[in-house]
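Before any comments, here is the structure.
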Amino acid sequence: MQFGIHPSHYDIFVAADDGGSVRFWDLRKNDRPLYQFVAHHGPSSVALNPSYDDQNLIATAGRDKFIRVWKWFDRSESQLNSSMYSVEATASVSRVYWRPMHKYQVASCSVVSDINIHVWDIRRPFLPFASFDEHRDICSDLAWKEDDSEIFLSAGKDGLLVMHFVENAHHPMNHVSDVAVDISPAGTVAVAVSSQLNLKNESLVEREKVRKGEAFAPKRRKYDPFQSSIPSYLICCEPTETNVQVSPQHFVTLAKKYKLYGEDASSLCFHNSRIAEDIKKYDIAHTWRIVGLICTFTSFFETPSSGETFSGNHENTDTKDNGANVSDAAARSRFPSSLSSGGVVRNVDGQDVTESIFSGVVPQMASFSSDFFFGDNELNLDGLNTDLSDCTLS
Numbered sequence: 011m012q013f014g015i016h017p018s019h020y021d022i023f024v025a026a027d028d029g030g031s032v033r034f035w036d037l038r039k040n041d042r043p044l045y046q047f048v049a050h051h052g053p054s055s056v057a058l059n060p061s062y063d064d065q066n067l068i069a070t071a072g073r074d075k076f077i078r079v080w081k082w083f084d085r086s087e088s089q090l091n092s093s094m095y096s097v098e099a100t101a102s103v104s105r106v107y108w109r110p111m112h113k114y115q116v117a118s119c120s121v122v123s124d125i126n127i128h129v130w131d132i133r134r135p136f137l138p139f140a141s142f143d144e145h146r147d148i149c150s151d152l153a154w155k156e157d158d159s160e161i162f163l164s165a166g167k168d169g170l171l172v173m174h175f176v177e178n179a180h181h182p183m184n185h186v187s188d189v190a191v192d193i194s195p196a197g198t199v200a201v202a203v204s205s206q207l208n209l210k211n212e213s214l215v216e217r218e219k220v221r222k223g224e225a226f227a228p229k230r231r232k233y234d235p236f237q238s239s240i241p242s243y244l245i246c247c248e249p250t251e252t253n254v255q256v257s258p259q260h261f262v263t264l265a266k267k268y269k270l271y272g273e274d275a276s277s278l279c280f281h282n283s284r285i286a287e288d289i290k291k292y293d294i295a296h297t298w299r300i301v302g303l304i305c306t307f308t309s310f311f312e313t314p315s316s317g318e319t320f321s322g323n324h325e326n327t328d329t330k331d332n333g334a335n336v337s338d339a340a341a342r343s344r345f346p347s348s349l350s351s352g353g354v355v356r357n358v359d360g361q362d363v364t365e366s367i368f369s370g371v372v373p374q375m376a377s378f379s380s381d382f383f384f385g386d387n388e389l390n391l392d393g394l395n396t397d398l399s400d401c402t403l404s
């Protein structure tokens, strides 16, 4: 619950309940609420905007992991259940507060799993503007210093009362790349770049000059990664050689020299890769090497024991009488049994060997499940420009 913090709202207070509903009450009219709407699924938190210019805005947060911003004072029926901004946090949110003197920034702390405090810019909701990780347990509550947007206090279940300075925060945006590259199986290269990439590079140069105490000419336009509607450019480069078919002569050569049995699966794949390289089919050779690596680190292709047969045509008498056929069949590659199902790497005996294969490579925490967020506004289709270019790929 929070009472009105502006002179025109002194008789009004807002309350949120465990059902996710938000109600505005007038002390002079206690028979029914002025406004009410459902903001979240489950318990929620509310915060009125302390700025006089934006006193009509209210921020809400709930156990459904969402932070939403609403207009409440001039609400119409068409806007009754429509929020202006929506931010999906990494965990259930227990508290939300506006950052003083910042129209688009709110601070939040979680009730479970996430012990960090995040400051969000509601214009770019898929990434926190700043994060603080001083607590070692869940943060219970926080409060900004009055009329100061650079300092706030927080209390946690670890028994600590921490004073935070925004200048010491971690900024996830500094670790995000502005360039994305991908290659299709057909050889097409797609490059996505931000339209503010040059502006960002100039800003980094200016920051380095400030650190060294060097003079530089001020820019009329400054780099702001959290401004809304930043256009992006998508560049597609198609290979000039589109004919990747195998000629009849090469097909015959591969058919004669390929090995499909007689060794373990990885050895067969690497042998076939060398055969493809000999006739300059490097794409096919690369495919064989990838399959060979998959066979090396998984049990997708298992070697059966000597007592197994491969089809209904093989009988036990044939297996006993012809030992050569048994050894030859046992070395062939085949699809696995249920031992390798379920996404777990197992050996022939059925033992889980995932940790032994990836020891020293995959962090221990990678085996635990977690929540991942892909923001609604991360791909701005309205500002996405496509430029198709013909590029020679070597």
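Plus 10 on top of the position in the sequence shown (first one is 1) and you've got our numbering. Here a beta-carbon is modelled for each residue, glycine too, at the ideal position from N, C-alpha and C.
Take every Cβ of the stretch 143–152, pair it with every Cβ of the stretch 166–176, and state whether three or more of those distances are shorter than 8 angstroms. yes
Distance check for I304 and G322, CA to CA, integer angstroms please. Counting from 1 along the sequence shown, the entry for residue 322 is found at position 312. Counting from 1 along the sequence shown, the entry for residue 304 is found at position 294. At G322, the pLDDT of 42 sits below 50, so the modelled position is not reliable; the number obtained from the coordinates is stated separately. C-alpha separation (whole angstroms): 29 angstroms.
Inter-residue CB distance, I240 and S204 (contact presumed, cutoff 8 angstroms): Your numbering for residue 240 matches position 230 in the sequence shown. Your numbering for residue 204 matches position 194 in the sequence shown. Sure, about 6 angstroms apart at Cβ, within 8 angstroms.
Return the residue from the list Q65, A225, H174, V122 that minimises the CA-CA distance to H112. The residue given as residue 112 occupies position 102 in the sequence shown. Measuring from the Cα of H112, the nearest candidate turns out to be Q65.
Tell me which residues share the same chain as P110 and place their Cβ nearer than 7 angstroms to its Cβ, disregarding the 5 neighbours each side in the sequence. Stepping through the sequence shown from its first residue, residue 110 is reached at position 100. Here the set comprises P60, W154, D157, D158, S159.
Report buried or exposed for G29, applying the criterion of at least 16 other Cβ atoms within 10 angstroms of its Cβ. The count along the sequence shown starts at 1 and reaches residue 29 at position 19. The residue in question, G29, is exposed, as its Cβ has fewer than 16 Cβ neighbours within 10 Å.
Neighbourhood of A376 by C-beta distance below 8 angstroms, restricted to the same chain and skipping five residues each side: For the purposes of this step, residue 376 is taken as the residue at position 366 of the sequence shown. The predicted position of A376 is uncertain, since its pLDDT is 41 and thus under 50; no value can be drawn from it.
Own chain, CB closer than 6 angstroms to V189, minus 5 neighbours either side, in chain order: On the sequence shown, residue 189 is found 179 positions in, with the first residue counted as 1. Closer than 6 angstroms at Cβ, skipping near neighbours: V203.
Compare the C-alpha of V199 against each of Y292, N178, P249 and name the closest. Residue mapping note: residue 199 aligns to position 189 of the sequence shown, counting from 1. Of Y292, N178, P249, the residue nearest in Cα terms is P249.
S92 to W80 span [Cα, whole Å]: For the purposes of this step, residue 92 is taken as residue 82 along the sequence shown, with counting starting at 1. For the purposes of this step, residue 80 is taken as residue 70 along the sequence shown, with counting starting at 1. In a straight line, the C-alpha of S92 is about 8 angstroms away from that of W80.
Return helix, strand or coil for G302, following the three-state DSSP convention. The residue given as residue 302 occupies position 292 in the sequence shown. G302 falls in the helix class under three-state DSSP.
Hey, quick one: how far does the alpha helix (DSSP H) through T70 stretch, first residue to last? Start at 1 with the first residue of the sequence shown, and residue 70 comes out as number 60. Premise fails: T70 lies in the beta strand (DSSP E), 67–72, not in any alpha helix (DSSP H).
Within its chain, find whatever has a CB closer than 7 angstroms to the CB of N38; leave out the 5 residues flanking it on each side and keep chain order. Here residue 38 refers to the residue found at position 28 of the sequence shown. Rather than Asn, the amino acid found at residue 38 in this sequence is Arg. The residues are D21.
May I ask you to report which of helix, strand or coil DSSP gives V215? Within the sequence shown, numbered from 1, the residue matching residue 215 stands at position 205. Three-state result, V215: helix.
If you count every other CB in all the chains shown that lies within 10 Å of the CB of L214, and 16 or more means buried, which is it? Here the question's residue 214 lines up with position 204 in the sequence shown. L214 comes out exposed.
Rounded Cβ spacing between V129 and Q115 (contact assumed at less than 8 angstroms): Residue numbering aside, residue 129 sits at position 119 when the sequence shown is read from its first letter. Residue numbering aside, residue 115 sits at position 105 when the sequence shown is read from its first letter. Yes, they are in contact, since the Cβ atoms of V129 and Q115 sit about 6 angstroms apart, within 8 angstroms.
Between the Cα of L270 and the Cα atoms of G302, D293, P258, D74, which residue gives the shortest distance? Along the sequence shown, read from residue 1 onward, the residue named residue 270 stands at position 260. Nearest option by C-alpha distance: G302.
Could you tell me the distance, in whole angstroms, from the CA atom of H181 to the CA atom of A227? Counting from 1 along the sequence shown, the entry for residue 181 is found at position 171. Counting from 1 along the sequence shown, the entry for residue 227 is found at position 217. Between H181 and A227, the C-alpha separation is close to 26 angstroms.
Alpha carbon of E216 to alpha carbon of D143, nearest angstrom: Residue numbering aside, residue 216 sits at position 206 when the sequence shown is read from its first letter. Residue numbering aside, residue 143 sits at position 133 when the sequence shown is read from its first letter. E216 and D143: Cα-Cα distance of roughly 29 angstroms.
Burial state of I127, where buried means 16 or more other Cβ atoms lie within 10 Å: Along the sequence shown, one-based indexing puts residue 127 at 117. Burial call: buried.
Among P258, V256, S257, N282, whose alpha-carbon lies nearest the alpha-carbon of Y268? The residue you call residue 268 lines up with position 258 of the sequence shown. Cα-wise, what sits closest to Y268 is N282.
Under the three-state DSSP convention, the category M173 falls into: Position 163 of the sequence shown, counted from the start, is the residue given in the question as residue 173. Residue state, collapsed to three classes: strand.
On a CA-only basis, which of V191, G52, A25, A179 is nearest Q46? Give me that one, please. As a first step, residue 46 is located in the sequence shown; it is residue number 36 there, counting from the start. It is A25 whose Cα lies nearest to the Cα of Q46.
Kindly list the residues whose CB is nearer than 7 angstroms to the CB of W108, restricted to its own chain and excluding five residues on each side of it in sequence; keep chain order. For the purposes of this step, residue 108 is taken as residue 98 along the sequence shown, with counting starting at 1. Counting only Cβ-Cβ distances below 7 angstroms, and skipping sequence neighbours, we find A57, N59, P60, A69, V116.
Look up I22 in the DSSP assignment and say whether it is helix, strand or coil. The residue you call residue 22 lines up with position 12 of the sequence shown. Note: I22 maps to strand in three-state DSSP.
Considering only C-alpha positions, which residue in the set W82, Y95, F76 is nearest to S102? Counting from one through the sequence shown, the residue named residue 102 turns up at place 92. Closest option to S102, Cα to Cα, is F76.
Sequence-distant residues of the same chain with beta carbon closer than 6 angstroms to R73, five excluded per side: Mapped onto the sequence shown, residue 73 falls at position 63. The answer, listed in chain order, is G52, P53, S102.
Secondary structure, beta strand (DSSP E): runs of 3+ residues fully inside the stretch 39–66: 45–48, 54–58
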